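There are 2 protein chains.
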Amino acid sequence: MLAELIQLMQPAIDAEMQQVISNPQFQSYPGLEPILRYHLGRENQSGQGKKIRPLMVLLSAAAPGVDWRSALPSAAAVELLHNFSLIHDDIEDSSPLRRGHETVWKKWGIPLAINAGDAMFTLSFLALERLSETVGPEAALRSMQVLAQASLHLTCGQHLDISNEGERLIELDAYWSMIAGKTAALLSACMRLGAIAGGATDEQERLLARFGAELGMAFQAWDDWLGIWGDAVETGKSTKSDLIAGKKTLPVVYALQKPGRFYDRWMRGGILPDEVDELSAWLAEDGAQKFTENEVARLTAQAIDSLHMSGFENKYVQGLQELALSLLKRRK
Amino acid sequence: MLAELIQLMQPAIDAEMQQVISNPQFQSYPGLEPILRYHLGRENQSGQGKKIRPLMVLLSAAAPGVDWRSALPSAAAVELLHNFSLIHDDIEDSSPLRRGHETVWKKWGIPLAINAGDAMFTLSFLALERLSETVGPEAALRSMQVLAQASLHLTCGQHLDISNEGERLIELDAYWSMIAGKTAALLSACMRLGAIAGGATDEQERLLARFGAELGMAFQAWDDWLGIWGDAVETGKSTKSDLIAGKKTLPVVYALQKPGRFYDRWMRGGILPDEVDELSAWLAEDGAQKFTENEVARLTAQAIDSLHMSGFENKYVQGLQELALSLLKRRK
Chain F
1 MLAELIQLMQ PAIDAEMQQV ISNPQFQSYP GLEPILRYHL GRENQSGQGK KIRPLMVLLS
61 AAAPGVDWRS ALPSAAAVEL LHNFSLIHDD IEDSSPLRRG HETVWKKWGI PLAINAGDAM
121 FTLSFLALER LSETVGPEAA LRSMQVLAQA SLHLTCGQHL DISNEGERLI ELDAYWSMIA
181 GKTAALLSAC MRLGAIAGGA TDEQERLLAR FGAELGMAFQ AWDDWLGIWG DAVETGKSTK
241 SDLIAGKKTL PVVYALQKPG RFYDRWMRGG ILPDEVDELS AWLAEDGAQK FTENEVARLT
301 AQAIDSLHMS GFENKYVQGL QELALSLLKR RK
Chain E
1001 MLAELIQLMQ PAIDAEMQQV ISNPQFQSYP GLEPILRYHL GRENQSGQGK KIRPLMVLLS
1061 AAAPGVDWRS ALPSAAAVEL LHNFSLIHDD IEDSSPLRRG HETVWKKWGI PLAINAGDAM
1121 FTLSFLALER LSETVGPEAA LRSMQVLAQA SLHLTCGQHL DISNEGERLI ELDAYWSMIA
1181 GKTAALLSAC MRLGAIAGGA TDEQERLLAR FGAELGMAFQ AWDDWLGIWG DAVETGKSTK
1241 SDLIAGKKTL PVVYALQKPG RFYDRWMRGG ILPDEVDELS AWLAEDGAQK FTENEVARLT
1301 AQAIDSLHMS GFENKYVQGL QELALSLLKR RK
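Those protein sequences? They're chains F and E, same order as listed. Under the working numbering, think of the first position of the first sequence as 1, with each following residue one higher. Under the working numbering, think of the first position of the second sequence as 1001, with each following residue one higher.
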């Protein structure tokens, strides 16, 4: 079911994005558009570029019964917003590579990369212009507000993430706040934008948005699990990089709540590759693995619950459920 | 006339901005809002923080006869957009100081500064939300579109500026394109946003926007003149820094069109402080000073013309004219 919908929707998403990226303003300023296309092209080439966010928009719009094509402007908007955040995140994290290719700042330098991210950010708002035609001006206005609120939440989460970088220890509360902004806010906005385009009621919109937020939290928690216990070959990451990188992922944050061998070792910093197996085992023995799995299961169940409480029962809602479960069953 | 209007309007602009900056989302993410307030506070303290852009919005809105207070959301939006661009520009230019204070990136580091700029950008869109109440949803939607178009033009101009940094030589066309994006686009948007809030006709809106664009070009050309021949004491800059900094300002770009002594010296690069007087004199003798003055005069006349062609004759239009002339008579 989901696979068929994806096959139908992805070419339409690509076409919509092509249209937005080909902004007439770029004609008088050659050089900027190719940077945006380079970034989007690398994202698309890889298997990871599944365009989960625009798919969520379209499925959410179709759930109440409208033609999903009318929500294409919103689908393009969220994908552009996501990619803006990747361009800036890569600078902020000094990441030289993304999906095996040079990041924008690595290729063009920090000044042009900051500016290209700003352009991508702007395009995400401009993408919503066409929603006035496909749905109506009221939906376009509300969608711009939703997109802007999600953007602000994103920057809040990112601020917390960067600020915490120097810390060895963060609280569980801070962890949830961070991923609420960094991951859940945009997935929630995807569902809300779809609901707006689809003409859902306020209550349905609220439930669909909650599905998005809960799915986002579950998704991130599972990503954190994979970062420690995922098969390194499958993830394609350098072996168990999250512990070596000192990332404050959910299992780590959980384990650091109480003193003990993991706490003592972690606080000394600089974890080496040959310590990773032992530390992963400690985390598992101390309950951090189980805790993370329980959180993923709890959030997933809540998400599916919210989805069904919205009251829609059709192939699009089924598609959303499949999408949710596939994200949470992935091994990489 | 203008002074009275400024006295009336500036506290209202400040209050509107305070309201926008106090976004409820920040309450769960302390740390980000203080960065934004630091930047805005430094801008406000100095005499330069005259808030020209929001004033233009309010005067433009009042010209057709509506209460300028209804345009306050748009006024806050343009000031926030301008300040977003300053935060990112300072990173892109590696400027350690702004108005005598440390820039955001210098104080908090590049990652947090990029992100704070992104937050300010988002707030500029969120500022327009309240326009739905003060004017109406249609005006709010159109204003968001105008703001986004101006933002994209800004990033286009900035791209050109950064790309040209390594070049010693640029064409006059490239100069005008650059300042059309970097300076004129936002001033044009200010007038357009005011016109929308004020209920001007399409033709009036077009003429007011043209006034803004032409004023922006004149303003930048005059800034370039001051950067070479302005009294260094009055400008508060290090003596004649624009030639030393190798800035491709209008007089320089004009002079480089033909071979000669200035061309030869400029292309060798690295102009020293004790050469500046002679090079300034060469530029004047070769007609670059006169050319720049003529361009300023021509663009100013066009701007004033566009303003009056809009057909409004009242104290607000008078205020706009005064504002335009004051900007172009300034010695610093």
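Yeah, the Cβ is synthetic: ideal placement off N, Cα and C, and Gly gets one too. Since the model is a prediction, treat every value here as computed from it, not as a measurement.
query: Closer than 8 Å at the beta carbon, the chain F residues around E:M1144; result: F125, L141 and M144
query: Within chain F, partners of E:Y1029 - CB distance below 8 Å; result: C156, G157, H159, L160, S177 and G181
query: Status (buried if at least 16 other CB within 10 Å, exposed otherwise) for F:L86; result: buried
query: Within-8 Å CB hit, E:S1326 to chain F; result: no
query: Neighbour flag for E:L1152 against chain F, beta carbons, 8 Å; result: yes
query: DSSP state of E:E1313 mapped onto helix, strand, coil; result: coil
query: Distance cut-off 7 Å: F:R298 Cβ against heavy atoms of the ligand PLP; result: Ligands in the displayed structure: none, and consequently the ligand PLP is not present.
query: Coil, strand or helix - F:R330 by DSSP; result: coil
query: Meets three-Cβ-pair contact criterion under 8 Å: the stretch 91 to 102 of chain F and the stretch 1123 to 1133 of chain E; result: no
query: Presumed contact (8 Å Cβ cut-off) between E:A1061 and E:G1194, rounded CB distance; result: 4 Å
query: Rounded Cβ spacing between E:K1182 and E:Q1158 (contact assumed at less than 8 Å); result: 6 Å
query: Interface flag, F:A213 vs chain E, CB-CB below 8 Å; result: no
query: Under 8 Å between C-beta atoms of F:A335 and F:V296; result: Limits of chain F in this structure are 1 at one end and 332 at the other, which puts residue 335 of chain F out of reach.
query: C-beta neighbour in chain F for E:Q1025, strict 8 Å; result: yes
query: Supposed close pair E:S1188, E:L1131 - CB separation, criterion 8 Å; result: E:S1188 to E:L1131, Cβ: 18 Å. No contact.
query: Per-residue burial, E:M1001 [other beta carbons within 10 Å of its own, 16 or more giving buried]; result: exposed
query: F:P30 burial status per 10 Å Cβ neighbour count (16 or more: buried); result: exposed
query: Whole-angstrom distance between F:S151 and E:K1051, CA atom to CA atom; result: 26 Å
query: For E:T1134, the first and last residue of its enclosing alpha helix (DSSP H); result: L1131 to T1134
query: Sub-8 Å separation of E:L1215 and E:A1303 beta-carbons; result: yes
query: Within chain F, the residues that E:A1148 reaches when beta carbons sit closer than 7 Å; result: T122, F125 and L126
query: For E:E1016, three-class secondary structure by DSSP; result: helix
query: Three-way DSSP call (helix, strand, coil) for E:E1205 in this model; result: helix
query: Residue burial classification, F:S238 (beta-carbon count within 10 angstroms, cutoff 16); result: Note that F:S238 scores 48 on pLDDT, short of 50, meaning its location in the model is unreliable; the coordinates nonetheless yield the value given after this. So F:S238 counts as exposed.
query: Cβ neighbour criterion (16 or more within 10 Å) applied to E:N1023; result: buried
query: E:V1317 versus E:V1020: straight-line alpha-carbon distance, rounded; result: 28 Å
query: Test: F:D118 CB closer than 8 Å to a CB of chain E; result: yes
query: 6 Å Cβ shell around F:L71 - same chain, five flanking residues per side excluded; result: The displayed chain sequence assigns Ala, not Leu, to residue 71 of chain F. Same-chain partners within the cutoff: V57, L58, A61, G194 and A197.
query: Residue burial classification, F:D118 (beta-carbon count within 10 angstroms, cutoff 16); result: buried
query: Cβ-based contacts, 7 Å cut-off: residues of the stretch 1077 to 1104 of chain E near chain F; result: H1088, I1091 and E1092
query: 6 Å Cβ shell around F:T249 - same chain, five flanking residues per side excluded; result: D224, G227 and D242
query: Best match in E:M1217, E:M1191 and E:Q1220 for proximity to E:R1206 [C-alpha to C-alpha]; result: E:M1191
query: Chain-ordered neighbours of F:N115 on chain E, where CB pairs are closer than 8 Å; result: H1088, E1092, T1155, Q1158, H1159 and I1162
query: Which residues DSSP lists as bridging F:H101, in chain order; result: F:R98
query: Environment of E:R1261 [buried if 16+ CB atoms lie within 10 Å]; result: exposed
query: Distance, E:V1078 Cα to E:A1180 Cα; result: 16 Å
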